[in-house]
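Count the sequence shown with mature numbering (1 follows the signal peptide of the UniProt record, and there is no 0) and you get residues -15 to -1, 1 to 288, in order.
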Amino acid sequence: MSLILFAFLVRVRDGLPLSASTDFEHNRELQEKKQQLRTISKSLAHFPDCGIIKGQQLNIYFVSSEDVSYMSVCHCSLPVVKAFCFLEDLRWEFTACISSSDVALAARPYPFLEFDSTIQKLKQQYNRSGGPALEVTLAEVEENLRVRPPKEINLDEVEFNNGIANGHTEHSAASGHNQRLEPVSAPGILSLVLNILCASLNVIRGAHLMENTFQDDYEGICNVVAFFLAFLCCVFQCHLYLFHSPLKKMKSFALLSVIVLCNSYLLGMRNTWQLVFHVSVASFSTVLTLMRKLQDRVGDCGV
């Protein structure tokens, strides 16, 4: 069984991928870890030079030096000191082949893809022998870890710092345009149809009442406003259900409140059953909007 599954090199200051190992394993947790590597790479400037992010079966280890971070995904059974020893060997090999000026001038992702062959050789060496050939290297790394133990990073902390680095305070909300919601359900389609029906009834009644209001010296203008306001709220409810939006919960309850208030104001214009129907549709739509979650997106930063 391979203990070192994936290695990834990235420029610290901007998260630009420099090189990565070729990956032939496709288990779900590995794909999730590779997605997490992409997130972490954008936040490295906010973290110490040495860290660990633990998972169920796989852990992420990283070491940063001279604006390059050396990252790996390893099986949890691999001793921590050997994981960092692998990263240290990787660092020595990379600095021997690639100059710091080449790293600084790199402008496109994976400019040093040919370094993959070196990564593969190191991976094979560690996976076959369980560690480096020179025990003195292992002892030195062990001493360094004792003096400066790696920080255990929490994924929530990673996402928070990544949000700050991109000028946002809430990662998932701020990237709403890049997020996908779960597929529309059958009840969701029903709520959209009922909302469109309510919106149509409101705009038809409002337009008809507006004609009469203009003929009667603008009496009842507030009822016209209530009908059109309820119409707009129905439209926005449909939009809120179909598309991800920041502060979705607050907006959903605000729209529901306005619809309830408008229909309460129109008590003399509608009978009780009509009012119950409009409020029930709005409530149904609100519940489904809040229940529709973001879809999990598992990316791949490998090559």
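No residue lacks a Cβ here, since even glycine has one placed at the ideal position from N, Cα and C.
query: Who are L279's beta bridge partners in DSSP?; result: L166
query: Would P96 pass as an interface residue toward chain C - the criterion being a Cβ-Cβ separation below 7 Å?; result: Annotation note: the requested chain C is absent from the structure, which comprises a single protein chain.
query: For S86, which of A68, L98, D52 has the nearest alpha-carbon?; result: D52
query: So, under 8 Å CB-CB, Q105 and S170 are touching, yes? Tell me the CB distance rounded to an integer number of Å.; result: Contact doesn't hold; Cβ gap of about 46 Å is too wide.
query: The beta strand (DSSP E) spanning V65 covers which residue range?; result: No beta strand (DSSP E) holds V65; the alpha helix (DSSP H) holding it covers 65 to 82.
query: Buried or exposed: which applies to H193, given that a residue is buried once 16 or more other Cβ atoms fall within 10 Å of its Cβ?; result: exposed
query: Do S249 and L275 count as a contact pair if the criterion is CB distance below 7 Å?; result: no
query: Please classify K278 as buried or exposed, where buried requires at least 16 neighbouring CB atoms within 10 angstroms.; result: exposed
query: Report yes if the C-beta distance between D22 and V(-4) is below 7 Å; otherwise report no.; result: Residue identity differs from the one stated: residue 22 is Leu in this sequence, not Asp. Not closer than 7 Å, so no.
query: To the nearest whole angstrom, what separates the beta carbons of V266 and L179, a pair I think is in contact under 8 Å?; result: 4 Å
query: Check each candidate in T257, S102, L232, P96 and name the one with the smallest Cα separation from V(-6).; result: P96
query: Could you tell me the alpha carbon to alpha carbon distance between L107 and C70, rounded to whole angstroms?; result: 11 Å
query: Report the three-state DSSP secondary structure of M254 (helix, strand or coil).; result: coil
query: I believe S270 touches Q222 by the beta-carbon criterion, under 8 Å. Please report the beta-carbon distance rounded to the nearest angstrom.; result: 5 Å
query: For C207, which residues in the same chain have their Cβ closer than 8 Å to its Cβ, ignoring the five residues on either side in sequence?; result: Y250
query: Across which residues does DSSP place K234 in a beta bridge pair?; result: Paired residue(s): none; K234 is not in a bridge.
query: Please report how far the alpha carbon of C183 lies from the alpha carbon of Q259, in whole angstroms.; result: 10 Å
query: Under three-state DSSP, which class holds F228?; result: coil
query: G36 by DSSP, collapsed to three states: which one?; result: strand
query: Starting from L43, follow the alpha helix (DSSP H) in both directions and report where the run begins and ends.; result: Run containing L43: none in the alpha helix (DSSP H); it sits in the beta strand (DSSP E), 43 to 50.
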